[in-house]
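So the structure is just underneath, and the comments pick up after that.
Residue numbers (the numbering used here): 40 to 738.
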């Protein structure tokens with residue numbers, strides 16, 4: 040009896056467990072069906088169908104001549120799946136494949152036998168993802184896919200992964216302006232116009248077919264919309280010269296950074312934008328857009344003080360101001376000119392501007408705006424000096440102008456603001472101000488893109504925009520008189536050209552920002568001007584920041600030579616297509632261009648071709664001479680006078696003669712361009728140091 044009970048008990052337990060297990064299975068099935076069903080069904084579908092992205096082609100950045108400045112080039116990573124290659128096919132064609140590989144990649148130094156050994160080993164190992172090459176160019180990819188075995192496509196194990204690589208054909212030139220395009224890093228015009236350049240990706244449904252191949256489902260494709268091209272205003276020929284000229288001076292004085300801007304006067308188009316910063320390894324690269332970083336501008340800002348005074352009719356530039364030897368006290372601070380001279384006293388305002396007298400400009404501002412400083416500040420704000428320039432680049436920082444109602448305003452704020460301290464404006468602002476003088480008072484908005492283009496046709500055109508006016512015609516005339524005087528007899532006279540006229544202003548400011556104190560001795564040297572002076576076509580602005588306690592920091596020393604080299608390039612190309620004859624633009628006013636120095640033997644050949652005899656003693660054949668005309672209008676040559684250790688004028692010389700002369704002084708000569716010397720980075724008369732670098736611009 041007990042045995043029966045025991046058996047029944049065990050049966051009950053077994054059935055109970057089976058019942059509970061069955062209920063659990065049913066509950067789990069219901070749960071999976073209801074809760075997880077949609078997700079699992081989706082996963083199942085994805086195993087057989089999926090969406091595939093169709094990448095849109097990114098647009099190009101072109102210049103106005105249609106040359107690509109930033110473009111996408113296809114690259115390919117190629118792998119081989121040896122596990123799918125037929126044994127007979129491999130054995131029959133491996134020798135031919137190996138020979139083709141050795142020919143295509145001859146630079147790798149591998150023989151056909153080397154490739155055969157590698158491929159046989161990979162085949163024996165059944166390698167499914169053998170790396171054949173990375174970042175291959177299109178012609179290499181095309182050649183590979185037609186090689187023996189690989190021509191079979193997937194059954195030949197050929198796996199190609201196409202990628203787009205953004206390329207800058209001009210390398211470092213304007214790299215920061217054009218921009219970098221990477222998934223994690225995008226800046227410059229690439230970032231600003233990313234929406235236009237990127238286009239819209241498409242997509243399609245693909246279905247898994249026999250053999251594991253994914254094939255498109257008919258009618259499921261949404262085609263990609265390729266990106267548009269943008270047309271930039273940059274001129275890469277001038278960009279190259281500006282880059283090299285700026286780089287040479289940055290290296291020479293070991294400066295922290297520099298920027299060079301070339302603006303078209305009538306439109307505001309930016310033709311050149313160079314930004315070079317010093318790296319830890321002492322090289323320079325386009326790392327930041329220094330043209331859009333506000334700093335205290337220094338003496339170039341004196342133009343703004345003159346603009347305010349002239350618009351309020353307080354002065355004309357022929358009025359007299361006493362600069363008191365270049366030293367004067369304002370409240371509890373003493374202001375000095377960069378070169379105080381007790382003999383200097385009353386002089387016309389235009390001359391005080393030309394010699395960049397701090398005291399002269401500060402006295403005028405303090406005299407007329409001492410009791411109404413807001414009136415002066417309002418002039419600055421009227422010209423948008425407290426706003427963004429509006430250039431079509433991301434990351435521009437806002438300019439700042441100190442307000443009389445602010446906590447930082449003091450009794451000395453106004454006179455120091457008058458000479459460029461207490462305001463923070465970008466080099467672009469400075470360029471816009473002087474461009475307005477050149478443009479009859481109209482201040483233009485700077486811009487870098489002139490059109491957006493689709494399939495070769497412009498779909499949007501960006502027009503020039505006037506953002507403010509300096510003043511009336513008389514104000515502009517007087518401002519032009521002052522900026523011209525700077526080059527004729529002021530701080531910019533060392534860069535005057537005999538072939539064309541120019542106007543401008545030097546600037547030097549001691550700076551304190553980003554952890555830098557005034558006591559650190561860091562300066563900002565600048566030069567901004569326009570050319571030709573009578574009918575301006577281009578405005579050029581150079582701003583350079585020095586290393587601490589640099590021996591050279593004046594704008595006339597570190598920035599003005601860069602201006603001259605860039606202006607020479609523009610003039611030599613006649614970019615502006617001005618109609619004034621070249622000889623009429625020479626400051627000498629002579630129709631005959633001045634003769635240049637060369638070796639006596641070179642002059643003998645030249646004059647011989649002109650049927651003029653000029654016997655030269657053998658011992659004088661290598662002397663540097665210059666042609667001169669005497670009172671009887673007879674041409675002869677005389678030895679060119681040069682002084683040991685002093686920079687001579689080598690413009691107009693052949694490369695051979697210029698290098699011969701300079702290297703005798705123990706300096707290092709760097710070259711930019713081809714042809715004869717058209718500009719030199721070190722002004723005539725500068726004392727030379729042994730081992731010093733000098734850049735010669737050829738053209």
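Each residue gets a CB set at the ideal place from its N, CA and C atoms; glycine is no exception.
Boundaries (first-last residue) of the alpha helix (DSSP H) holding residue i
{"i": "residue 597", "result": "594-597"}
{"i": "residue 695", "result": "694-702"}
{"i": "residue 516", "result": "512-528"}
{"i": "residue 301", "result": "No alpha helix (DSSP H) contains residue 301, which is instead part of the beta strand (DSSP E) from 296-303."}
{"i": "residue 226", "result": "Where residue 226 is concerned, there is no enclosing alpha helix (DSSP H), given that its DSSP letter is neither H nor E."}
{"i": "residue 536", "result": "From DSSP, residue 536 is part of no alpha helix (DSSP H); its letter is neither H nor E."}
{"i": "residue 216", "result": "214-217"}
{"i": "residue 160", "result": "151-163"}
{"i": "residue 718", "result": "Run containing residue 718: none in the alpha helix (DSSP H); it sits in the beta strand (DSSP E), 716-719."}
{"i": "residue 507", "result": "Per DSSP, residue 507 belongs to no alpha helix (DSSP H); it is in the beta strand (DSSP E), 505-508."}
Contact set for residue i: own chain, Cβ-Cβ below 8 Å, skip 5 residues either direction
{"i": "residue 341", "result": "392, 395, 400, 457, 458, 459, 544"}
{"i": "residue 204", "result": "111, 112, 113, 114, 174"}
{"i": "residue 690", "result": "635, 716, 717, 718, 719"}
{"i": "residue 200", "result": "115, 116, 117, 118"}
{"i": "residue 358", "result": "387, 388"}
{"i": "residue 171", "result": "117, 118, 119, 183"}
7 Å CB neighbourhood of residue i in its chain, flanking five on each side removed
{"i": "residue 461", "result": "441, 452, 455"}
{"i": "residue 352", "result": "none"}
{"i": "residue 626", "result": "Because the pLDDT of residue 626 is 34, which lies under 50, any placement of that residue in the model is unreliable, and the number read from its coordinates should be weighed accordingly. So the qualifying residues of the chain are 535, 537, 540."}
{"i": "residue 335", "result": "459, 460, 462, 463, 548, 550"}
{"i": "residue 304", "result": "474, 477, 478, 569, 575, 576, 577, 578"}
{"i": "residue 517", "result": "349, 355, 356"}
{"i": "residue 194", "result": "123"}
Residues near residue i by beta carbon distance below 6 Å, same chain, minus five either side
{"i": "residue 177", "result": "113"}
{"i": "residue 138", "result": "151"}
{"i": "residue 241", "result": "93, 261, 262, 263"}
{"i": "residue 209", "result": "275"}
{"i": "residue 407", "result": "353"}
{"i": "residue 597", "result": "288, 292, 564, 583, 591"}
{"i": "residue 308", "result": "272"}
N-terminal and C-terminal residue of the beta strand (DSSP E) that residue i is part of
{"i": "residue 116", "result": "107-119"}
{"i": "residue 567", "result": "562-570"}
{"i": "residue 186", "result": "Segment: none, residue 186 is in no beta strand (DSSP E) and carries neither H nor E."}
{"i": "residue 452", "result": "It is not in any beta strand (DSSP E) - residue 452 instead sits in the alpha helix (DSSP H) that spans 452-456."}
{"i": "residue 399", "result": "First-last for residue 399: 397-408, but that is the alpha helix (DSSP H), not the beta strand (DSSP E)."}
{"i": "residue 101", "result": "100-102"}
Environment of residue i [buried if 16+ CB atoms lie within 10 Å]
{"i": "residue 90", "result": "exposed"}
{"i": "residue 739", "result": "Since the displayed the chain opens at 40 and closes at 738, residue 739 lies outside it and no answer follows."}
{"i": "residue 438", "result": "buried"}
{"i": "residue 333", "result": "buried"}
{"i": "residue 132", "result": "buried"}
{"i": "residue 478", "result": "buried"}
{"i": "residue 741", "result": "What is shown of the chain runs 40 to 738, which leaves residue 741 out entirely."}
{"i": "residue 64", "result": "exposed"}
{"i": "residue 46", "result": "exposed"}
{"i": "residue 169", "result": "buried"}
{"i": "residue 557", "result": "exposed"}
{"i": "residue 42", "result": "exposed"}
{"i": "residue 489", "result": "buried"}
{"i": "residue 62", "result": "exposed"}
One or two residues paired with residue i in a DSSP bridge
{"i": "residue 740", "result": "Any property of residue 740 remains undetermined from this structure, which presents the chain solely from 40 to 738."}
{"i": "residue 361", "result": "385"}
{"i": "residue 261", "result": "242"}
{"i": "residue 275", "result": "Bridge partners of residue 275: none, in fact."}
{"i": "residue 369", "result": "372"}
{"i": "residue 545", "result": "566"}
{"i": "residue 172", "result": "117"}
{"i": "residue 202", "result": "114"}
{"i": "residue 465", "result": "According to DSSP, residue 465 bridges with nothing at all."}
Near the ligand HEM: residue i beta-carbon under 8 Å from a heavy atom
{"i": "residue 705", "result": "Only the bare structure without any ligand can be found here, which leaves the ligand HEM out of the picture."}
Taking 8 Å as the threshold, find out whether the region 498-510 comes into contact with the region 469-488 through three or more Cβ pairs.
Look at the beta carbons and you see the region 498-510 touching the region 469-488: at least three pairs across the two are nearer than 8 Å.
State whether the region 374-393 contacts the region 429-447, with contact taken as three or more CB pairs (one from each stretch) at a distance under 8 Å.
Not touching, per the Cβ criterion.
Given 8 Å as the limit, is there contact between the region 537-552 and the region 330-347, that is, 3 or more CB pairs closer than that?
Result yes; three or more Cβ-Cβ pairs closer than 8 Å.
Do three or more CB pairs link the region 552-564 to the region 590-608 at distances below 8 Å?
Contact holds between the region 552-564 and the region 590-608, because three or more Cβ pairs, one in each stretch, are under 8 Å apart.
Quick test of the definition: if touching needs 3 or more C-beta pairs under 8 Å, does the region 469-476 touch the region 209-216?
Taking 8 Å as the limit for Cβ pairs, the verdict is that the region 209-216 does not touch the region 469-476.
Decide if the region 566-586 is in contact with the region 288-295; the criterion is three or more beta carbon pairs, one per stretch, under 8 Å apart.
The region 566-586 and the region 288-295 touch, with no fewer than 3 CB-CB distances between them shorter than 8 Å.
Flag this pair as touching only if the region 514-533 and the region 315-335 have three or more C-beta atom pairs under 8 Å; answer yes or no.
No contact exists between the region 514-533 and the region 315-335.
Does the structure place the region 98-109 close enough to the region 162-169 that three or more beta carbon pairs sit under 8 Å?
With the cut-off at 8 Å, the region 162-169 and the region 98-109 do not touch.
Okay, do the region 493-502 and the region 362-378 touch, 3+ Cβ pairs below 8 Å being the bar?
No: the two stretches stay apart, fewer than three of their Cβ pairs being nearer than 8 Å.
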